[in-house]
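Numbering (my numbering), first residue to last: 109 to 180.
Just so you know, even glycine gets a beta-carbon here, dropped at the ideal spot from N, CA and C.
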Ligand SMILES: [Zn+2]
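What follows is the structure, encoded as structure tokens:
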């Protein structure tokens, strides 16, 4: 049961509760020496999300709808 960053998220295909591969946006502070710090990873319901367990690809929104899990 996810109650923090992945609240309510579950793979709609295999039921895995994460971790997931989510494509979001992050602000990096970069100097001439490289990346110094970063924070504020953000993603939306329309962001790409993949389940590393079954390789199901969908959107974050789709992973928040456990009622779509196949009942077998
Ligand atoms: Zn899965």
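- Three or more beta-carbon pairs separated by less than 8 Å link the region 153-172 to the region 119-139, which places the two stretches in contact.
- As computed with DSSP, residue 136 is found in a beta bridge with 146.
- For ligand 1, no non-hydrogen atom lies closer than 7 Å to the CB of residue 172.
- Residue 156 is bridged by DSSP to 167.
- Of all residues, those with a beta-carbon under 6 Å from at least one heavy atom of ligand 1 are 119, 121, 122, 124, 159, 161, 162 and 164, reported in chain order.
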